[in-house]
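Numbering (the numbering used here), first residue to last: 3 to 405.
And the structure:
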């Protein structure tokens with residue numbers, strides 16, 4: 003190997019490591035959707051290898067499938083892993099298409115033209131908005147660098163023109179750091195006015211979007227996701243009582259049927275056909291997505307159990323960082339089955355599970371804390387008695403102090 007080959011090799015290894023790391027971490031976060039994640043990561047790999055078409059976005063996908071299986075969460079998790087950031091808000095631009103059902107509302111995305119209503123208003127798809135995470139991070143660095151010049155401004159005095167010129171110089175500096183990676187999510191795309199589809203076509207064809215004020219937003223370093231509920235009726239029909247989903251059938255049996263591979267294949271075919279034939283999607287628009295429709299899988303019992311165990315870890319983490327930390331030493335299998343039975347419906351995915359955890363577990367823990375039955379430093383085991391969750395506290399040592 004030639005000496006000059008090393009930088010390329012090192013850079014390539016870093017990119018491969020990044021792709022593998024993102025895919026591994028996404029599979030740890032999003033349960034049961036490895037095929038969907040793999041498809042997304044293919045486009046990310048092509049982008050990082052710098053062999054994608056430079057005049058188009060990184061890629062664009064339609065996420066469909068059953069409710070509560072992680073469609074929106076997948077986009078958010080990808081944004082966290084692909085871009086970075088911490089906290090509760092994912093570093094992506096989320097467009098709620100249900101708020102864009104009328105044509106005049108679409109100016110929220112691009113802004114109005116001069117002399118029109120909305121001109122000059124903040125927009126959701128301008129360059130600053132889709133790259134806002136990066137601008138905020140860069141601003142932190144630049145603010146520290148500017149501390150001395152700003153103090154000089156204050157000390158020596160400066161007119162508004164100087165301050166404005168300095169601000170414009172900063173913004174030009176930010177733009178030099180492009181390309182910034184970005185993720186844009188159009189949630190419930192079928193709810194949008196057809197004008198939104200035209201905007202998306204412009205983005206998908208050119209990687210650019212002209213705003214109302216004449217400025218251009220680049221999406222050539224953007225991953226674009228669309229979520230849809232189209233086909234949800236088909237899914238319900240496939241999983242309806244006629245297919246054996248009667249209320250008196252144990253939930254495990256329902257999940258075994260819902261998680262069946264043949265059911266997944268049937269759902270994929272039916273949902274994909276429904277999306278392609280949807281009356282509001284222009285043929286030119288849907289043609290861009292024919293091989294980019296990702297139908298998320300129904301979840302099996304083991305998937306729900308894994309989700310439940312992760313929720314338990316999150317509860318313990320919140321308790322550990324509370325004013326009165328205590329330890330939950332474990333949960334009986336009966337507790338887990340109780341919560342799964344109360345919180346699972348194959349039609350609605352994992353969404354009802356969080357409500358069941360809050361109603362039957364978190365509420366009981368909170369009551370015990372407020373009543374002083376559990377105090378700081380206690381150790382508690384969670385069990386079932388007479389079809390109710392009970393908290394079994396380990397005997398406290400004699401020198402144990404409350405609070």
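Using N, Cα and C, we set each Cβ at its ideal position, and we do this for glycine too.
Look at residue i and residue j and say whether their C-beta atoms are less than 8 Å apart.
i	j	result
residue 264	residue 229	no
residue 340	residue 391	yes
residue 367	residue 222	no
residue 318	residue 220	no
residue 321	residue 297	no
residue 301	residue 71	yes
residue 335	residue 378	no
residue 39	residue 25	yes
residue 62	residue 17	no
residue 208	residue 113	no
residue 218	residue 64	no
residue 76	residue 30	no
residue 107	residue 125	no
Excluding the five sequence neighbours on either side, which residues of its own chain have a C-beta within less than 7 Å of the C-beta of residue i, listed in chain order?
i	result
residue 92	78, 81 and 82
residue 96	187 and 189
residue 338	307 and 310
residue 135	85, 87 and 93
residue 347	354
residue 333	314 and 384
Going by beta carbon distance, what residues of the same chain come within less than 6 Å of residue i, once the five residues before and after it are set aside?
i	result
residue 394	383 and 385
residue 309	33 and 352
residue 357	none
residue 69	350 and 351
residue 202	none
residue 54	48
Report buried or exposed for residue i, applying the criterion of at least 16 other Cβ atoms within 10 angstroms of its Cβ.
i	result
residue 73	buried
residue 413	In the structure as shown, the chain starts at 3 and stops at 405, and residue 413 therefore has no counterpart that could be examined.
residue 380	buried
residue 212	exposed
residue 225	buried
residue 184	buried
residue 198	buried
residue 387	exposed
residue 194	buried
residue 2	The requested residue 2 is not part of the displayed model; the chain covers only 3 to 405.
residue 291	buried
residue 250	With a pLDDT of 46 at residue 250, under the threshold of 50, the modelled position of that residue is not reliable, and the figure given next carries that caveat. That one is exposed.
residue 44	exposed
residue 305	buried
residue 133	buried
What does DSSP give as the partner residue(s) for residue i in the beta ladder?
i	result
residue 62	226
residue 383	332 and 394
residue 74	According to DSSP, which records beta bridges pairwise, residue 74 is partnered with nothing at all.
residue 95	186
Heavy atom of the ligand HEM less than 7 Å from the Cβ of residue i, yes or no?
i	result
residue 42	The ligand HEM is not part of this structure, which contains no ligands at all.
Ordered along the chain, which non-local residues of its own chain (more than five positions away) have a Cβ less than 8 Å from that of residue i?
i	result
residue 272	233, 236, 237 and 240
residue 359	310, 313, 317, 341 and 345
residue 204	210, 211 and 212
residue 276	232, 233 and 236
residue 206	58, 59, 62, 226 and 290
residue 103	193, 194 and 195
residue 8	Note that residue 8 scores a pLDDT of 47, beneath 50, so its modelled location is shaky; the value from the coordinates is reported in the next line. Counting only Cβ-Cβ distances below 8 Å, and skipping sequence neighbours, we find nothing.
I'd like the ranges of any alpha helix (DSSP H) spanning at least 4 consecutive residues and lying wholly in the stretch 178-235. 196-208
Write down every uninterrupted run of the alpha helix (DSSP H) in the stretch 292-360 whose length is 4 residues or greater and which is fully enclosed by it, in chain order. 303-322, 335-345 and 353-359
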